[in-house]
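If you count by my numbering, then the sequence shown holds residues 53 to 655, one letter each, in order.
Right, one structure below, let's go through it.
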Amino acid sequence: MCGIVGYVGADTALPVLTTGLENLEYRGYDSAGVALADGDVEVYKTAGEVDALEATLPETAEAHRGVGHTRWSTHGPPTDTNAHPHTDCTGEVAVVHNGIIDNYDALRRDLVAEGHDFESDTDTEVVPHLIESYLEDGLAPQAAIEETVARLEGSFALVVTIAGVPELFAIRRDSPLVLGHGVEATYLASDVTAFLEHTREVTYLPDDHLAVLDGAETTVYHDGQPVALDRETLEWEADAAEKGGYEHYMRKEIHEQPQALRQTISGRIDVDAGTVELGLDLSEEYLRSLEEIQIVAAGTSNYAGRYAAKLLEELADVRTTVSIASEYAFTGGRDPWRTLVIAVTQSGETADTLSAVRDAKRAGARTIAVTNTLGSTVTREVEESLFIRAGPEIGVAATKTFASQVTTLALLAVAIGREREALSTDRAVDVLEAIRSVPGAVQQVLDREPQVIEVATRHADADAFFFIGRALGEPVALEGALKLKEISYDHAEGFAAGELKHGPLALVTDQTPVLAILTPGSRPEETLRNVKEVGAREAPVIGATTRPDDARYLQERLDVPDVDVLSPMVTNVYWQLFAYHVADAKGRPIDKPRNLAKSVTVE
Ligand code: G6P
Numbered sequence: 053m054c055g056i057v058g059y060v061g062a063d064t065a066l067p068v069l070t071t072g073l074e075n076l077e078y079r080g081y082d083s084a085g086v087a088l089a090d091g092d093v094e095v096y097k098t099a100g101e102v103d104a105l106e107a108t109l110p111e112t113a114e115a116h117r118g119v120g121h122t123r124w125s126t127h128g129p130p131t132d133t134n135a136h137p138h139t140d141c142t143g144e145v146a147v148v149h150n151g152i153i154d155n156y157d158a159l160r161r162d163l164v165a166e167g168h169d170f171e172s173d174t175d176t177e178v179v180p181h182l183i184e185s186y187l188e189d190g191l192a193p194q195a196a197i198e199e200t201v202a203r204l205e206g207s208f209a210l211v212v213t214i215a216g217v218p219e220l221f222a223i224r225r226d227s228p229l230v231l232g233h234g235v236e237a238t239y240l241a242s243d244v245t246a247f248l249e250h251t252r253e254v255t256y257l258p259d260d261h262l263a264v265l266d267g268a269e270t271t272v273y274h275d276g277q278p279v280a281l282d283r284e285t286l287e288w289e290a291d292a293a294e295k296g297g298y299e300h301y302m303r304k305e306i307h308e309q310p311q312a313l314r315q316t317i318s319g320r321i322d323v324d325a326g327t328v329e330l331g332l333d334l335s336e337e338y339l340r341s342l343e344e345i346q347i348v349a350a351g352t353s354n355y356a357g358r359y360a361a362k363l364l365e366e367l368a369d370v371r372t373t374v375s376i377a378s379e380y381a382f383t384g385g386r387d388p389w390r391t392l393v394i395a396v397t398q399s400g401e402t403a404d405t406l407s408a409v410r411d412a413k414r415a416g417a418r419t420i421a422v423t424n425t426l427g428s429t430v431t432r433e434v435e436e437s438l439f440i441r442a443g444p445e446i447g448v449a450a451t452k453t454f455a456s457q458v459t460t461l462a463l464l465a466v467a468i469g470r471e472r473e474a475l476s477t478d479r480a481v482d483v484l485e486a487i488r489s490v491p492g493a494v495q496q497v498l499d500r501e502p503q504v505i506e507v508a509t510r511h512a513d514a515d516a517f518f519f520i521g522r523a524l525g526e527p528v529a530l531e532g533a534l535k536l537k538e539i540s541y542d543h544a545e546g547f548a549a550g551e552l553k554h555g556p557l558a559l560v561t562d563q564t565p566v567l568a569i570l571t572p573g574s575r576p577e578e579t580l581r582n583v584k585e586v587g588a589r590e591a592p593v594i595g596a597t598t599r600p601d602d603a604r605y606l607q608e609r610l611d612v613p614d615v616d617v618l619s620p621m622v623t624n625v626y627w628q629l630f631a632y633h634v635a636d637a638k639g640r641p642i643d644k645p646r647n648l649a650k651s652v653t654v655e
């Protein structure tokens, strides 16, 4: 998830690009660059923040056309070379990209065989080289770009500038791009924040549409034919715009989950074959000899780890324990070499988790990290890193990173299960089909937000909230309660549903809503018994279920799409929305709850 800004118009491009990049930087990027086109194409790029880029730029530049990019790394670490724009062999075609090109490996091999030289580790670099080869074949620039895009698989927003060609070209698939219409100028960006100070007249570019920008003249093509698109006038305040129109980053990030999950999965699964490719260097022999997996993590990542442990046991048939990172110690009695320690950490900087990893390494265990942050400390400590690709998360309460962690770990469970021959092809195909449909399932839950707003507002003044679930629903109950207490400051607790009757039931009254998970993977029949127990004590029960008949035991039924073992994870999106709207009804500072920090770098 990178930031893109582009400009063609009567003014010089450079100031528009630099302020655009500054406006996008709130998303927390790791490298940046611009291409200025005025006859030739000149590229400036560097690792680090936009400030670092600005130090390398000329004070003024004549070019009236250009693109800028801030990068959130997915392929290759944040270095000068991996920063965008990327160019072809001649340096005449410059491209910026947001998204992931799934088939870049094969394209790159073909291009190298044809004699193209590559400089970076990125998937993006295939694009300028493909355009170059079509231009060499004699195609016009627009046709060369269309032919190139026809060969790409994956998700992308691409902006292309070519030396000697006055227009700027932009095309997207599954990654946002918006055009801004100014006086004698057209702007474009991945997020309107980039140009809102110049214009509020915008056109959202649909998938597989190519925009050709020539000053104030912009033509959009679909399947080679020009099409007319509606313009909209935005009425956002600057601050809201920064959050993509949402009042808080947390709500924006909740709604980004379908896109984040598509990125998590992209290029990693072959559903028909029932296989997963994660690029980890763990041999079949090693995985077969594994005696135990130990997951170490803190906070929300710990709950993602608890979810994953159940999947690893079920799908990969390997004993898996989960430790709160600050409680971890590699105890004796196990063969360290046959123990794989997985650190789950969004930031890659949590001190407790780093300390657990060091302890495991000292004992001789193998270590891998599941993280969102390329170049973070944990990636330097472990042998192998697996990236969840959720994009930057700003709100202190983790939301989209939980979904991407669980999904990444589910992929890992399938991969290890296949290697250990613990998972049949048929079952692997089922699970991967479910994983593939998770982004759509999450979107269906998000579409029901009005129902959640109504329920959350109705219960906002409750005495306490209890979340219950079994099996894969148990860590989701714990995470649901954590989210609510973090941002609303209400008393909330999560329980294994069966444990309720052994104590917590004493707390249940008609003033304590109980939120229950009744989905595949969470033993719904048994949980329903506990729902009846609390219902008999007149507690209002809010049930997330795939089964319409459960409605008679529930005060409120929230419908969950059936996505096999990922159904409880999808249910968590309801709990995120519920927590958000209870906190919002109380006017809490949702993105920065009192006493908490996004990344805790002390033990
Ligand atoms: C802090 C954050 C939590 C997060 C935890 C672990 O406590 O407030 O939201 O879950 O750290 O963070 P990590 O970056 O290791 O996933």
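For glycine and all other residues, C-beta sits at the position ideal for the given N, C-alpha and C.
Whole-angstrom distance between L367 and G469, CA atom to CA atom
5 Å
Looking at K650 and the ligand G6P, is the gap between the Cβ and the nearest heavy atom below 7 Å?
yes
Per-residue DSSP class, three states only, for T126:
coil
For D404, which option in V164, V370 and A350 has the closest C-alpha, if you only look at C-alpha atoms?
A350
Name the DSSP bridge partner or partners of G587?
Beta-bridge pairing links G587 to no other residue.
State the start and end residues of the unbroken alpha helix (DSSP H) segment that holds D478.
T477 to L498
Reduced DSSP secondary structure (H/G/I, E/B, other) of N150
strand
Supposed close pair V323, L484 - CB separation, criterion 8 Å
5 Å
The stretch 351-361 contacting the stretch 518-528, beta-carbon criterion three pairs below 8 Å:
yes
For L286 and T213, I'd like the C-alpha separation in whole angstroms.
28 Å
Residue from V119, E94 and L109 whose Cα sits closest to the Cα of G72:
V119
Closest Cα partner of G234 within the set V211, I317 and D266
D266
Alpha-carbon spacing of L191 relative to G216, whole angstroms
15 Å
Can you tell me which of Y632, E249, P278 and R225 puts its alpha carbon nearest to the alpha carbon of D259?
R225
Nearest neighbour of T245, chosen from N647, L257, G326 and G232 [CA to CA]:
G232
Under 8 Å between C-beta atoms of G319 and I487:
no
Would V60 and R117 qualify as a contact pair, given that the criterion is a beta-carbon distance under 8 Å?
yes
Hey, would you say the C-beta of Q398 is under 7 Å away from at least one heavy atom of the ligand G6P?
yes
Contacts around D157, its chain only, beta-carbon distance under 6 Å, and the 5 residues preceding and following it disregarded:
none
I need the DSSP call for A421, collapsed to helix, strand or coil.
strand
Assuming L536 contacts V634 under a Cβ cut-off of 8 Å, what Cβ separation, rounded to an integer in Å, is found between them?
6 Å
Can you check whether the CB of D333 is closer than 8 Å to the CB of G436?
Reading the sequence as shown, one finds Glu at residue 436 and not Gly. A contact, by the Cβ cut-off of 8 Å.
Mapping the DSSP letters down to three states, classify F518 as helix, strand or coil.
strand
If you measure between the beta carbons of S619 and V625, is that distance less than 8 Å?
no
Between the CA atoms of A65 and I642 - distance to the nearest angstrom:
37 Å
Could you tell me whether any non-hydrogen atom of the ligand G6P is closer than 7 Å to the CB of T451?
no
How is P278 classed by DSSP in three states: helix, strand or coil?
strand
In three-state DSSP terms, what is G446?
First, the residue type needs correcting, since residue 446 is Ile and not Gly in the sequence shown. Looking at I446 - three-state DSSP - the assignment turns out to be coil, as it is neither helix nor strand.
Cβ of G55 within 8 Å of Cβ of L240?
no
Run through the stretch 71-130 for me and flag every whole beta strand (DSSP E) of 3 or more residues, listed as ranges in chain order.
83-90, 92-99 and 117-123
Measuring straight from C-alpha to C-alpha, what distance separates I183 and F221?
12 Å
Compare the C-alpha of L281 against each of A263, K295 and E294 and name the closest.
A263
Relative to the C-alpha of D601, which candidate in V617, P576 and V615 has its C-alpha closest?
P576
Continuous beta strand (DSSP E) stretch holding H233: start and end:
V230 to G234
Here's a check: name, in chain order, each residue in its chain whose Cβ is nearer than 7 Å to the Cβ of R314, leaving out the five neighbours to either side.
S207, D226 and P491
Rounded to a whole number of angstroms, what is the C-alpha to C-alpha distance between G331 and A637?
45 Å
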